[in-house]
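Take a look at the structure set out below.
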Amino acid sequence: MLLDRVYLAQGKGQRYGTQFVRDKEGELVLQEPVEDLDNIDARRAEMDLMPLGVYQCVLRATYEGNPSMD
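For the sequence shown, my numbering assigns the number 136 to the initial residue and increments by one for each residue that follows.
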(Lines of atoms letter the chains of each structure in order from A and count residues from 1; the text may use other names and numbers.)
(Lines give C-alpha, C1' and ligand atoms only; values in the text may rest on other atoms or scores of the structure.)
Protein backbone atom coordinates (compact mmCIF):
# COMPACT_ATOMS: atom_id res chain seq x y z
CA MET A 1 0.00 0.00 0.00
CA LEU A 2 1.39 3.36 -0.99
CA LEU A 3 0.60 4.95 2.37
CA ASP A 4 2.84 2.46 4.18
CA ARG A 5 5.67 3.12 1.70
CA VAL A 6 5.33 6.88 2.17
CA TYR A 7 5.23 6.59 5.96
CA LEU A 8 8.35 4.41 5.98
CA ALA A 9 10.17 6.88 3.71
CA GLN A 10 9.27 9.62 6.20
CA GLY A 11 10.55 7.52 9.12
CA LYS A 12 7.04 6.87 10.42
CA GLY A 13 5.51 3.50 11.26
CA GLN A 14 3.53 1.53 8.72
CA ARG A 15 -0.19 1.81 9.33
CA TYR A 16 -1.32 -1.40 7.60
CA GLY A 17 1.77 -3.61 7.58
CA THR A 18 1.97 -4.09 3.83
CA GLN A 19 5.74 -3.66 3.42
CA PHE A 20 8.08 -6.58 4.01
CA VAL A 21 11.83 -6.97 3.60
CA ARG A 22 14.24 -9.89 3.74
CA ASP A 23 16.26 -10.37 6.91
CA LYS A 24 19.89 -11.56 7.03
CA GLU A 25 18.76 -15.18 6.61
CA GLY A 26 16.64 -14.30 3.57
CA GLU A 27 13.29 -14.63 5.37
CA LEU A 28 10.48 -12.19 4.65
CA VAL A 29 9.80 -10.04 7.70
CA LEU A 30 7.58 -7.06 8.35
CA GLN A 31 9.52 -3.85 7.71
CA GLU A 32 9.72 -1.74 10.84
CA PRO A 33 8.65 0.58 12.29
CA VAL A 34 4.97 -0.33 12.56
CA GLU A 35 2.31 1.90 14.08
CA ASP A 36 0.44 0.25 17.01
CA LEU A 37 1.08 -3.39 16.07
CA ASP A 38 -1.48 -4.61 18.63
CA ASN A 39 -4.32 -3.07 16.59
CA ILE A 40 -2.99 -3.61 13.08
CA ASP A 41 -5.54 -6.28 12.14
CA ALA A 42 -8.42 -3.96 13.07
CA ARG A 43 -6.99 -1.26 10.79
CA ARG A 44 -6.43 -3.82 8.04
CA ALA A 45 -10.05 -4.99 8.35
CA GLU A 46 -11.28 -1.40 7.92
CA MET A 47 -9.51 -1.39 4.53
CA ASP A 48 -10.78 -4.88 3.58
CA LEU A 49 -7.26 -6.31 3.92
CA MET A 50 -6.66 -9.84 5.19
CA PRO A 51 -5.20 -10.26 8.69
CA LEU A 52 -1.46 -9.64 8.87
CA GLY A 53 -0.61 -13.28 9.67
CA VAL A 54 -2.52 -14.52 6.62
CA TYR A 55 -0.91 -11.87 4.41
CA GLN A 56 2.53 -12.89 5.64
CA CYS A 57 1.79 -16.55 4.77
CA VAL A 58 0.61 -15.54 1.28
CA LEU A 59 3.78 -13.51 0.71
CA ARG A 60 6.00 -16.35 1.88
CA ALA A 61 4.18 -18.86 -0.33
CA THR A 62 4.46 -16.51 -3.31
CA TYR A 63 8.06 -15.39 -2.88
CA GLU A 64 9.69 -18.32 -1.05
CA GLY A 65 13.02 -18.92 -2.70
CA ASN A 66 12.59 -15.91 -5.00
CA PRO A 67 15.35 -13.40 -4.19
CA SER A 68 13.87 -10.82 -6.58
CA MET A 69 11.42 -9.77 -3.83
CA ASP A 70 13.76 -6.99 -2.66
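Every residue, glycine too, gets a C-beta built ideally from N, C-alpha and C.
If you're wondering where the values come from, they're calculated on a predicted model, not measured in any experiment.
With contact defined as three or more Cβ pairs closer than 8 Å, the stretch 165-177 and the stretch 192-200 are not in contact.
In the structure shown, the three-state DSSP call for LEU184 is coil. Going by DSSP, LEU138 is part of no beta strand (DSSP E) but of the alpha helix (DSSP H) stretching over 137-144.
Taking C-beta separations shorter than 6 Å and ignoring five residues to either side along the sequence, the partners of PRO186 in its chain run ASP176, following chain order. The DSSP-derived three-state label of GLN166 is coil.
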